[in-house]
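Residue numbers (full-length UniProt numbering): 1 to 531.
Quick reminder that beta carbons are idealized off the backbone N, C-alpha and C, glycines included.
Working notes for the structure below.
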């Protein structure tokens, strides 16, 4: 019994009161031993994250409550601890890597300050000692040129780099339990592997326990000792990893294990018109040094990229975190400054000012990686979706309402959800809302930046099918940015592989996946398959 670190007994979580109460977690029980990894798996909205947040008492109390249950850490009941006891526990004994690093990191503070805060709070480390430890942590999680990143702000890092910073913060005080809530969703496969192996080696060094929340069953198979499968707030199956994968007992578990995006996109019509081209597209960020801020070099985030996108076509853009995928998408949308030609329907748009490009934004839409960050928490779902209509002055109130209902129906959501707020939805539902917001303007091109990375496999499969149906119905063209090669393969006609700003290989998706020529592409595919 002594090696049990966490014991959860009959835990329930309720949001709201009386008739409006929602029971998000129902009578959940499990234990976590020292040095072991327990995985919580299940669809988006099954109660995994809510269960994990309960372990640190981080739910929005009093809106959230626990009708039943207790959580013991080394025999002490967390649910009855006072605020001071909880502060000493959080970040020191129990630490957490959150799913959405952009919303968890403070946009106003540098990376050094944010990691340093935790070291000062729990270990009273400051000055050079803290700086040395911060650099050590950043190196540990594989951030290149760690020292030069200390003064960076979260928005200056890629999704994968932000996730690594979150991991560095969580590991700063060598916790006894690390709660990893989707720790690798924003990371490409090669880095996922590195991060998970890193967590495993730190676990062995420190005897740290890990509660791993993930939708990626490949990760669970390789890194977890035991698994609890959650469905609609309940644990429906619990077993050792080998037993669960070898002989799943529940129908729901079997459906989770078999979910994988498959198939290929519908062929492009032979006479499809060219919608978008780029020629020698460059985004270089100057590196300034010295008192007068002289430019000494450039970060070549996007370097001389040529692409052609036809009507009804999907171009997949893959590559490691920080390879320039998102920057390329932002440059095409004219959201950041670039050099080189961008032509949309025979019109050069790279030299247009913001006023001239505004009418074209209806045709060029984007769905971001993090729907939680891109949907305003103060607006209802209906208001979020109608935002574009208002910007472009489209339709009166009644007409807009009709369009909102149509868009929500198209993405498979009940139109009544338009009166609710984004935080009331699961990740998969939020992503559907983000797609509905892009669709409402009837665009010709949608740039999808990691739209499925935060979603579990069953929901990923649904979103991939939804995107295919919408493409077929509206003759949409997609630029699909992702590190998930299974999803790229199921959706893309053509693939560009990026590394450090350059395209190292491109070609038809079937050829590139079956016979990759460049060693980097081969390494990406190997990591995805081994994973």
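In the structure shown, residue 329 falls within a helical segment according to DSSP collapsed to helix, strand and coil. According to the DSSP assignment, residue 123 belongs to no beta strand (DSSP E) but to the alpha helix (DSSP H) extending over 111–123.
Ranking 266, 244 and 263 by CA distance to the CA of residue 257 puts 244 first.
With respect to residue 343, residue 277 sits close: the two C-beta atoms are nearer than 7 Å. Only exposed fits residue 391, as fewer than 16 other CB atoms lie within 10 angstroms of its CB. The shortest CA-to-CA distance from residue 153 to any of 111, 469 and 141 is the one to 111. Of the residues assessed, residue 449 falls on the buried side of the cut-off, its CB having 16 or more other CB atoms within 10 angstroms. Secondary structure at residue 34: coil, using DSSP grouped into helix, strand and coil. In the structure shown, residue 334 adopts coil according to DSSP, grouped into three states. With contacts defined as CB atoms closer than 7 Å, residue 212 and residue 37 qualify as a contacting pair.
Listed in chain order, the alpha helix (DSSP H) elements of length 4 or more contained wholly in the region 439–497 are 457–474 and 485–491. Residue pairing for residue 97: DSSP places it in a beta bridge opposite 180. Annotation: the continuous beta strand (DSSP E) that includes residue 8 extends over 4–15. Ranking 98, 31, 32 and 165 by CA distance to the CA of residue 58 puts 98 first. Residue 119 places its beta carbon less than 7 Å from that of residue 172. Residue state for residue 290 is assigned as coil, using DSSP reduced to three classes. The C-beta distance from residue 159 to residue 19 rounds to 40 Å, too long to fall under 8 Å, and the pair is not in contact. For residue 316, the beta-bridge partners assigned by DSSP are 480 and 495. In the same chain as residue 420, and ignoring 5 residues on each side of it, the C-beta atoms closer than 7 Å to its own belong to 380 and 381, in chain order. With 16 or more neighbouring CB atoms inside 10 Å of its own CB, residue 227 falls in the buried class.
For residue 210, the enclosing beta strand (DSSP E) starts and ends at 209–213.
The beta carbon of residue 181 is closer than 7 Å to those of 49, 52, 96, 97, 98, 99 and 213 in its chain, skipping five residues each way along the sequence. When 424, 251, 462 and 405 are compared, the shortest CA-CA separation from residue 415 is found for 405. With a cutoff of 7 Å on beta-carbon distance, residue 327 and residue 302 are scored as near each other.
Taking C-beta atoms as the reference points, residue 272 and residue 367 fail to come closer than 7 Å.
Boundaries of the alpha helix (DSSP H) around residue 137: 127–140.
By the Cβ neighbour-count rule, residue 223 is buried, with 16 or more other Cβ atoms within 10 Å of its own. Exposed is the label assigned to residue 155, since fewer than 16 other Cβ atoms lie within 10 Å of its Cβ. In the DSSP assignment, no residue is bridged to residue 245. Under the criterion of beta carbons closer than 8 Å, residue 150 and residue 134 qualify as touching, at roughly 7 Å. A straight-line Cα-Cα distance of about 20 Å links residue 499 and residue 510.
Per DSSP, reduced to three states, the secondary structure at residue 308 is strand.
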